[in-house]
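For reference, the structure is listed below as structure tokens.
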Amino acid sequence: MVKDRTVQEVIDILTGRIRTADELFENSTEDEIIGLRHIQQDAFQSRGEPRFMCFECEIPVFIRGSSEFLNGRKHLRWHFKHFRDALECPYNTGKLSDAETLRRMKYNGAKESAIHKETKALLSKFLSQTPDVSELKVETRITNILNLREWRRLDVQITHRANKVAIEAQVSTEFVSVILDRANFYREHSIHLIWVMRVFSTDSAEQLLTQKDIIHSNNMNVFVLDDEAIQQSEERQELVLHCYYREPEKIRSIITPVWESQLVTLSELQFDHDSQQVYFKDYTSYRELLHAGIIERVKGYFSPYAEQYPQIRPDREQISELVKSTTEITPLMALFAYPDMPLHSAIASLFEHGYSHSAADLDFLREGFKVSKEEKTEAGDLASVFDSLNFASYYIKVQISGQSTHQIVATHGILDSLASLKHQTVLGFSFAKLIQVAHQMFNSRVNYFALFLKATQQYGANRLLENQDKRGLWHRKKQEFNNGLYSQSEKYDPIIKAVFPELFH
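Each residue of the sequence shown is one higher than the last, beginning at 0 in numbering that gives the first Met the number 0.
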């Protein structure tokens with residue numbers, strides 16, 4: 000690996016991304032580097048636009064190669080060099096910018112990218128044709144009336160039916176703090192904010208961290224100007240965006256967000272004057288309605304605890320206070336007394352904040368298991384309570400074993416699969432049948448499948464699985480596993496052993 004490159008980071012003007020010299024040169028072939036080198040050389044001779052510029056001083060850079068010996072062989076060492084003298088560049092002076100300045104510089108660099116310019120031009124074009132839109136301004140500046148030195152430059156600003164709206168093209172990937180800072184700035188100035196992306200995937204694994212932040216800060220709504228939206232905007236002669244939104248769905252008393260999508264116009268959107276959010280579907284309100292029905296059914300089974308403990312909404316701050324409190328009713332009991340948010344999240348947060356279980360918690364779990372297991376077939380909502388009691392038991396058993404509870408979140412899929420076998424009911428998943436848990440285990444956790452097969456024998460779940468295996472798929476998967484060379488992991492054995500010690504005898 001090449002060390003001590005002077006210019007460490009550059010802005011890729013085409014994409015707006017920040018590239019490190021090490022990452023670019025070490026992960027590109029020589030042919031790819033030569034191609035980029037020619038682009039930069041053409042730009043220097045005024046025959047085109049540069050692809051890269053120095054991150055610190057924003058002067059375009061060459062790609063240069065110098066010979067060096069490594070392991071007795073000569074090879075080219077690639078590096079960046081400024082187009083012209085840059086004596087004041089922080090990379091040359093050693094006076095690099097502070098973290099906050101770097102974030103702002105990166106954001107401004109991204110705004111110069113080709114994709115950003117194209118998105119801004121498309122937004123301006125379509126908004127100029129959109130009904131009820133007035134005062135269209137591009138690259139306008141908003142100054143903080145309380146601090147004239149603080150200002151923001153908006154991509155596009157409009158007024159829509161008396162609502163002031165800032166529309167920002169979100170094309171960068173690294174600048175979460177700057178993006179949230181802009182959202183707060185607009186909110187303080189009573190300006191609604193719409194982030195517009197060019198691409199988006201509903202697959203969480205493919206979503207950028209920046210996109211996840213925007214999803215959660217905008218009521219689970221995302222707006223995308225993709226090819227379909229551009230075509231519709233051209234045909235209808237007004238701005239049409241592809242809105243992806245999460246719809247809460249109640250499955251066995253567990254509220255699960257499901258992605259939906261629809262092409263929308265500005266006239267179809269809701270402008271929230273309290274939060275300054277703009278959305279198509281109000282995820283938060285609908286989710287609260289679903290929870291209200293669940294709460295009423297579950298609360299009656301735990302009313303003795305509710306009578307002795309004040310009503311709470313167990314978010315992270317309040318859980319921190321609960322951990323410090325001293326009362327006959329423990330914080331863990333209180334979560335079940337008022338389950339006004341997903342209990343799994345509340346339980347995980349409670350223990351993450353350092354909560355240690357008490358003897359009263361053990362008694363509570365024993366009684367809770369008894370009640371919820373006996374009644375859950377008659378009152379469907381209690382299935383989720385039984386599920387959450389089981390989840391809480393993971394933390395307590397791991398604490399008793401002396402292990403750290405930090406790995407429970409990473410292993411709860413395995414733990415839920417084994418618990419489902421043990422209780423012969425689906426726990427921790429939205430599946431309807433146990434056989435679906437078995438298929439999921441083979442497909443996603445085959446490195447623990449041998450332990451899962453042992454658990455089917457240990458807990459007597461074989462017959463139930465075979466009865467549900469209508470197409471013989473489970474039988475074929477077991478044969479495939481037994482005939483294959485699937486390596487098995489022991490990484491999480493200490494955690495699993497703490498919860499299911501009987502599987503390790």
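Even glycine gets a Cβ: it sits at the ideal position worked out from N, Cα and C.
Remember, predicted model here, so these are calculated numbers, not experimental data.
Exercise. What are the boundary residues of the beta strand (DSSP E) that M196 is part of?
Worked result: Its beta strand (DSSP E) spans residues H191 to M196.
Exercise. Beta strand (DSSP E) containing V164: first to last residue?
Worked result: Element bounds for V164: N162 to A168.
For this session: Select from T283, Y285 and H411 the residue whose C-alpha is nearest the C-alpha of I346.
Result: H411
For this session: Ignore the nearest five residues each way along the sequence and tell me which others in H191's own chain have a CB closer than 6 Å to its CB.
Result: N162, V164, F270, Q275 and V277
For this session: Report the rounded CA-to-CA distance for I12 versus E267, giving the unit in angstroms.
Result: 35 Å
Problem set entry | Opposing strand residues paired with T264 [DSSP bridges] | BP columns for T264 point to V239.
For this session: Could you have a look at M332 and say whether DSSP puts it in helix, strand or coil?
Result: Of the three classes helix, strand and coil, the one that applies to M332 here is helix, per DSSP.
Problem set entry | Helix, strand or coil at L13 according to DSSP, with G and I counted as helix | coil
Exercise. Beta carbon of K453, beta carbon of L502: below 8 Å?
Worked result: yes
Problem set entry | Segment limits, alpha helix (DSSP H) that includes F430 | Note, F430: premise wrong, no alpha helix (DSSP H); not H, not E.
For this session: Report whether the distance from the Cβ of F184 to the nearest heavy atom of the ligand NAD is below 7 Å.
Result: The model on display carries no ligand, and the ligand NAD is accordingly not part of it.
For this session: Would you kindly work out how many angstroms separate the C-alpha atoms of Q67 and H115, rounded to a whole number?
Result: Residue identity differs from the one stated: residue 67 is Glu in this sequence, not Gln. Cα to Cα, the separation comes out at about 39 Å.
Problem set entry | Expected contact under 8 Å - CB spacing of I10 and M52 to nearest Å | Confirmed, about 5 Å.
Problem set entry | Segment contact, 8 Å Cβ cut-off, at least three pairs: the segment 443-453 with the segment 397-409 | With fewer than three CB-CB distances shorter than 8 Å, the segment 443-453 does not count as touching the segment 397-409.
For this session: Look at the alpha carbon of F125 and the alpha carbon of L240, and state the distance between them as a whole number of angstroms.
Result: 10 Å
Problem set entry | Separation of T139 from S189, as counted between CA atoms | Straight-line measurement puts the Cα of T139 at about 16 Å from the Cα of S189.
Problem set entry | Cβ-Cβ separation, K119 to A168 (assumed contact under 8 Å), whole Å | 6 Å
For this session: Label V257 either buried or exposed according to how many other C-beta atoms from any shown protein chain fall within 10 Å of its C-beta, with 16 as the threshold for buried.
Result: exposed
Exercise. D30: which of L75, V60 and P49 sits nearest, CA to CA?
Worked result: L75
For this session: Provide the residue(s) that pair with L532 in DSSP beta bridges, ordered along the chain.
Result: The structure shown does not extend to residue 532, since the chain is modelled only from 0 through 504, so no value can be given for it.
For this session: Figure out for me which residue from F441, E465 and I494 has the closest Cα to the Cα of E479.
Result: F441
Exercise. Should the segment 429-436 be regarded as contacting the segment 382-397, the criterion being three or more beta carbon pairs within less than 8 Å?
Worked result: no
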